[in-house]
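Asks: Before anything else, here's the structure in question.
There are 2 protein chains.
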Amino acid sequence: MRKENSSNTINEQFLFQVCELNSAISLISGRWKSQILYSISQGNNRFHLLKKELPNISDQVLGRQLKELETDTIIIKKKIPNTVPVGIEYILTVKGWNLIPILENLCN
Amino acid sequence: MRKENSSNTINEQFLFQVCELNSAISLISGRWKSQILYSISQGNNRFHLLKKELPNISDQVLGRQLKELETDTIIIKKKIPNTVPVGIEYILTVKGWNLIPILENLCN
DNA sequence: TATTAGGCTCACAATTTTGTTCGTCATTGT
DNA sequence: ACAATGACGAACAAAATTGTGAGCCTAATA
Numbered sequence: 770m771r772k773e774n775s776s777n778t779i780n781e782q783f784l785f786q787v788c789e790l791n792s793a794i795s796l797i798s799g800r801w802k803s804q805i806l807y808s809i810s811q812g813n814n815r816f817h818l819l820k821k822e823l824p825n826i827s828d829q830v831l832g833r834q835l836k837e838l839e840t841d842t843i844i845i846k847k848k849i850p851n852t853v854p855v856g857i858e859y860i861l862t863v864k865g866w867n868l869i870p871i872l873e874n875l876c877n
Numbered sequence: 770m771r772k773e774n775s776s777n778t779i780n781e782q783f784l785f786q787v788c789e790l791n792s793a794i795s796l797i798s799g800r801w802k803s804q805i806l807y808s809i810s811q812g813n814n815r816f817h818l819l820k821k822e823l824p825n826i827s828d829q830v831l832g833r834q835l836k837e838l839e840t841d842t843i844i845i846k847k848k849i850p851n852t853v854p855v856g857i858e859y860i861l862t863v864k865g866w867n868l869i870p871i872l873e874n875l876c877n
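Protein sequence lines correspond, in order, to chains A and B.
The opening residue of the first sequence carries number 770 in our numbering; numbering runs sequentially from there.
The opening residue of the second sequence carries number 770 in our numbering; numbering runs sequentially from there.
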């Protein structure tokens, strides 16, 4: 979906190199991402729980954001044994937990 | 440019209400914004200085980002007297300065 | 007289991000 | 037999963000 050689992407890469700051921001700047992160940190770590917290989000959009968070190693998916259909828990990685206090900081 | 009633905008507003966090992030999540802010805080507070710091940015894009930062009252434009053509200085507001330590935090 | 400096703006095109609709899978309750 | 649950994925459409090309203004300077 991303064009390797668009000016857009090239500029983005440039900024990522200038300072980690820019990549850090891009990790949390998706539409629902910071809220999802925060919700998970509060214990709403299941797909259906997140849907309750974010009433207007569609399944597809939520799934997409979760996958991106996973790709960026901010969360990890874990199957819950002996559940049918198989339940999945989302767990923050160390990287993910590091973001939480910063997010809280931004609330002020 | 923004459609008042798009789902996109509505969801954005919803998030803004849930927590300041989300509006704070949207303030700094434009392509060059955080870097511009940081540069200004370091003393690169003129249009042409910013262009040196951000080699690939075009005049138009830089101008646009600066205007948005101004609209969000993160920076203020100030004319420098007795200059021809009239020079402009960008100055961080209190709100702007508050963001700097958070940005620095994100570098880690 | 042509150029430069400093700071922009407009209109439009390219890219990206968000949202929408529909479908899937395996099993349990009705 | 059929809906419901939990957790998505594909394909496409709508909207938003970024980038591009060209132009404008004033006064000093080459």
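Every residue gets a Cβ at the ideal spot worked out from N, C-alpha and C, and that includes glycine.
Here the structure is a predicted model, which means the values were calculated and not measured.
Pick helix, strand or coil for LYS772(B), following the three-state DSSP scheme.
Replies: In this structure, LYS772(B) counts as coil in the three-state DSSP scheme.
Asks: Kindly confirm or deny that the stretch 803-815 of chain A and the stretch 783-801 of chain B touch, where touching means at least three C-beta pairs closer than 8 Å.
Replies: Short answer: they touch.
Asks: On the DSSP bridge assignment, give the partners of TYR859(B) in chain order.
Replies: Per DSSP, LYS846(B).
Asks: For ILE871(A), which residues in chain B fall below 9 Å Cβ to Cβ?
Replies: Those are ILE871, ASN874, LEU875, listed as they occur along chain B.
Asks: Determine which residues of the stretch 798-813 of chain A have a Cβ less than 8 Å from any Cβ of chain B, and write them out in chain order.
Replies: For the stretch 798-813 of chain A, which is checked against every Cβ of chain B, the residues closer than 8 Å are SER798, ARG800, TRP801, SER803, GLN804, TYR807.
Asks: For a contact meaning CB atoms closer than 9 Å, what does GLU769(B) contact in chain A?
Replies: Any property of residue 769(B) remains undetermined from this structure, which presents chain B solely from 770 to 877.
Asks: Specify the secondary structure class of ARG815(B) as computed by DSSP and reduced to three states.
Replies: Here ARG815(B) sits in strand by DSSP.
Asks: Tell me which residue opens and which closes the alpha helix (DSSP H) that THR852(B) is part of.
Replies: Note, THR852(B): premise wrong, no alpha helix (DSSP H); not H, not E.
Asks: Using DSSP with H/G/I as helix, E/B as strand and the rest coil, what is ASN780(B)?
Replies: Note: ASN780(B) maps to helix in three-state DSSP.
Asks: Could you work out which residue in GLU839(A), SER775(A), GLU873(A) is closest to LYS864(A) when comparing CA atoms only?
Replies: Among GLU839(A), SER775(A), GLU873(A), the Cα nearest to that of LYS864(A) belongs to GLU839(A).
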